[in-house]
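Mapping to the UniProt record's numbering: the sequence shown position 160 is 160, numbers consecutive. Heads up: the structure comes next, in structure tokens.
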Amino acid sequence: MNYPPNPNQQHRPAYGVRNPQDPIMMTPQDDQDQRYGYPGPSPGQIPMNQFPYMPNPEQLFNNPMVADVAMHYGNKLMDTGKEMVDKELNKYVSVSRLKHYFAVDTGYVVKKLKLVVFPFTHGDWARKFDSGGPAQPRDDVNSPDLYIPLMAYVTYLLVAGLALGTQDRFKPDILAICATQALAWIIIEIGLQLASIYIFNVQTNLNSFELLSFAGYKFVGIISCILLSIVFQRKGYYACLLYFSIAIVFFLIRALKYQVMCTYEPNSGYSAGASSITSSKRKMYILLSIAITQPFFIWWLSYDFNSPLSN
Numbered sequence: 001m002n003y004p005p006n007p008n009q010q011h012r013p014a015y016g017v018r019n020p021q022d023p024i025m026m027t028p029q030d031d032q033d034q035r036y037g038y039p040g041p042s043p044g045q046i047p048m049n050q051f052p053y054m055p056n057p058e059q060l061f062n063n064p065m066v067a068d069v070a071m072h073y074g075n076k077l078m079d080t081g082k083e084m085v086d087k088e089l090n091k092y093v094s095v096s097r098l099k100h101y102f103a104v105d106t107g108y109v110v111k112k113l114k115l116v117v118f119p120f121t122h123g124d125w126a127r128k129f130d131s132g133g134p135a136q137p138r139d140d141v142n143s144p145d146l147y148i149p150l151m152a153y154v155t156y157l158l159v160a161g162l163a164l165g166t167q168d169r170f171k172p173d174i175l176a177i178c179a180t181q182a183l184a185w186i187i188i189e190i191g192l193q194l195a196s197i198y199i200f201n202v203q204t205n206l207n208s209f210e211l212l213s214f215a216g217y218k219f220v221g222i223i224s225c226i227l228l229s230i231v232f233q234r235k236g237y238y239a240c241l242l243y244f245s246i247a248i249v250f251f252l253i254r255a256l257k258y259q260v261m262c263t264y265e266p267n268s269g270y271s272a273g274a275s276s277i278t279s280s281k282r283k284m285y286i287l288l289s290i291a292i293t294q295p296f297f298i299w300w301l302s303y304d305f306n307s308p309l310s311n
């Protein structure tokens, strides 16, 4: 039904029809937007298809003030992240104690390798102590460290890959098996040692880090055996295996004697203490079990790289 128009109602233009008296200059895009039902821009308003000037990001960061703020915020963020990581690690591992075993220098590394390879000429095996406890490795060649065992483990994998390559047997999965096998044996060895100390109720000066350190020195002998097997084949391998079996047993017995058989007092130093005969025997068994098992591990982790050359 059609109603007559109301004479008092002001006529409004429909959307999509431009008023010729509108002072705003419209672009074709604005005119197209109005055809689709979008209202046009009001006076003083920036059209939708036109954006204000944005500075170049390179120019923004070249500003010294902005760069200083960004650097300060980045350093603060890194410090916060480091504190969070240290806090989480301290729940499981004492970071300060772990750093102690990596406090080495070049002089210590050379002397320690010489001691492991040629332990028969070394005289003083007692460890040094300062006001804070045991001296750091770089100040005492008799102090155990974790730097040499870690580097020896990595070098063992590299030398194993070299041996496999000379035998045309190199495959990444074989090298991965060697790495996993060596790590698994170390974990089993440390676990058995800790279990033996706990079961026999033996009081020693050793901790898990030091047991890991002494267990890792065997990789020096393993590396030497593999290298000599590459150069001299079967004879070189077994000659090196025999020598390092004797050397590592002698080294561990002398190095662990003060840690297992004796107790340390800050004022009097090392002493045998008031241990009973039974306790002394248990300590001797623990000491010998740690030392005499090392030749087996050296052979087990190196013989596979020599066996093809013996055929």
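All C-beta atoms in this analysis are idealised placements derived from N, C-alpha and C, irrespective of residue type, glycine included.
- Of Phe214, Asn201 and Phe209, the smallest CA-CA separation from Lys283 is found for Asn201.
- Restricting attention to Ser245, Thr204 and Gln259, the CA atom closest to the CA of Thr293 is found in Ser245.
- Shown here for Lys128: same chain residues with a beta carbon closer than 6 Å to its own, the five before and five after excluded, namely Ala135 and Asp140 in chain order.
- Counted as a single uninterrupted DSSP element, the stretch harbouring Lys171 is not any alpha helix (DSSP H), since DSSP gives it neither H nor E.
- As the crow flies, the alpha-carbon of Phe232 is around 21 Å from that of Lys218.
- Taking the CA atoms as reference points, Val95 sits about 43 Å from Asp168.
- Residue state for Asp130 is assigned as strand, using DSSP reduced to three classes.
- Non-local C-beta neighbours of Thr166 in its own chain, meaning closer than 7 Å and more than five positions away in sequence, comprise Ile230, ordered along the chain.
- Counting other Cβ atoms within 10 Å of its Cβ, Ser289 stays below 16 and is therefore classed as exposed.
- Contact between Val159 and Ile226 is confirmed by a C-beta separation of about 5 Å, below the 8 Å threshold.
- With a cutoff of 8 Å on beta-carbon distance, Glu189 and Pro144 are scored as not near each other.
- Closest option to Asp124, judged by alpha-carbon separation, among Val260, Pro295, Met261 and Ala255: Ala255.
- DSSP, read as helix, strand or coil, puts Ser213 in helix.
- By the Cβ-count criterion, Ala215 is buried, with 16 or more other Cβ atoms from all chains shown falling within 10 Å of its own Cβ.
- Listed in chain order, the non-local C-beta contacts of Gly107 below 8 Å within the same chain comprise Arg138, local neighbours out to five positions each way being set aside.
- Annotated as distal: His122 and Leu113, with beta-carbon spacing of 8 Å or more.
- Separation of Leu162 and Thr155 (C-alpha to C-alpha, rounded to the nearest whole angstrom) is 10 Å.
- Contact check for Val220 against Val110 fails: the beta carbons are separated by 8 Å or more.
- For Trp299, the enclosing alpha helix (DSSP H) covers residues Gln294 to Trp300.
- Between Leu164 and Ile174, the C-beta gap is smaller than 8 Å, which places the two residues in contact.
- With a beta-carbon spacing of about 6 Å, Ser213 and Pro149 fall inside the 8 Å limit used to define contacts.
- The Cβ neighbour count for Leu242, taken over all protein chains shown within 10 Å, is under 16; the residue is labelled exposed.
- Excluding residues up to 5 positions away in sequence, Arg138 lie with their Cβ nearer than 6 Å to the Cβ of Asp105 in the same chain.
- In this structure, DSSP gives Ala179 a helical state, which the three-state scheme calls helix.
- A check of alpha carbon separations from Val260 across Thr204, Ala179 and Arg97 identifies Thr204 as the nearest.
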